[in-house]
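Structure, as structure tokens:
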Amino acid sequence: KSMGNGFPIAALVTRRDITNKFVIDGIEYFNTYGGNPVSCRAAIALLDVMEKEHLQENAYKVGLHFLNKLKELEKKYDMIGDVRGRGLFVGVEIVRNKEKREPGIAEAQEIKQKFRENFVIISLDGPDSNVLKFKSPMCFSKEDADYFCSTLEKIIKEMTKT
59 KSMGNGFPIA
69 ALVTRRDITN
79 KFVIDGIEYF
89 NTYGGNPVSC
99 RAAIALLDVM
109 EKEHLQENAY
119 KVGLHFLNKL
129 KELEKKYDMI
139 GDVRGRGLFV
149 GVEIVRNKEK
159 REPGIAEAQE
169 IKQKFRENFV
179 IISLDGPDSN
189 VLKFKSPMCF
199 SKEDADYFCS
209 TLEKIIKEMT
219 KT
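Below, the structure written as structure tokens:
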């Protein structure tokens, strides 16, 4: 989906010796949707925008900022068991007890709902559905990351009020 910005397109990247094997063995590759001109043009336009707007560089820089901010929250709140990710794809593991690493399943569900009320869409992942999964777009900014982190902190503070 992301390769064509929502248009259906895919690519296979491999070595020439592998593709030559198909020719030698007489296997013809065929695909009903192969080479759809609209999807191909959408993918080319997306690559042009990515290059022109330096979106890969943005994903790297903002991703580091985002992960660092989330790691700060991890140190501050026992509810955050782990923060992991690469670029703009991050996961925040919610636990009931940091030492025992007991999954915070209900807590993660509540956080997901509270994010939605703050106009941020996330999903849950992991074997126990206790990892907040956030796949942000490549145009995601440091300000967006800061909003996400401040919203997460606000939600956690509300949930842990005694």
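One rule links them: number in my numbering = place in the sequence shown (from 1) + 58. Cβ coordinates follow ideal geometry from the N, Cα and C atoms, glycine included. Since the model is a prediction, treat every value here as computed from it, not as a measurement.
- In the displayed model, residue 194 falls within coil according to three-state DSSP, outside both helix and strand.
- By the CB criterion at 8 Å, residue 179 and residue 166 fall outside the cutoff.
- When DSSP states are grouped into helix, strand and coil, residue 181 belongs to the strand group.
- By the Cβ test, the region 127 to 134 is not in contact with the region 168 to 175, since fewer than three Cβ pairs between them sit closer than 8 Å.
- For residue 153, the enclosing beta strand (DSSP E) has its first and last residue at 147 to 155.
- With respect to the C-alpha of residue 102, the residue from 198, 68, 195 and 217 having the closest C-alpha is 68.
- Going by DSSP, residue 139 is part of the beta strand (DSSP E) stretching over 138 to 144.
- Out of 164, 123 and 162, the CA that lies nearest to the CA of residue 201 is found in 123.
- With a cutoff of 8 Å on beta-carbon distance, residue 196 and residue 116 are scored as near each other.
- Here the C-alpha atom of residue 157 lies approximately 26 Å from the C-alpha atom of residue 206.
- Shown here for residue 141: same chain residues with a beta carbon closer than 6 Å to its own, the five before and five after excluded, namely 128, 129, 132 and 150 in chain order.
- Cβ neighbours of residue 191 within its own chain (closer than 7 Å, five residues either side excluded): 149, 180, 181, 182 and 183.
- For residue 71, the secondary structure class from DSSP, reduced to helix, strand or coil, is coil.
- In the structure shown, the three-state DSSP call for residue 86 is coil.
- When the alpha-carbon of residue 95 is set against those of 72, 65, 210 and 121, the nearest one is in 65.
- Residue 161 sits in a strand when the DSSP states are folded into three classes.
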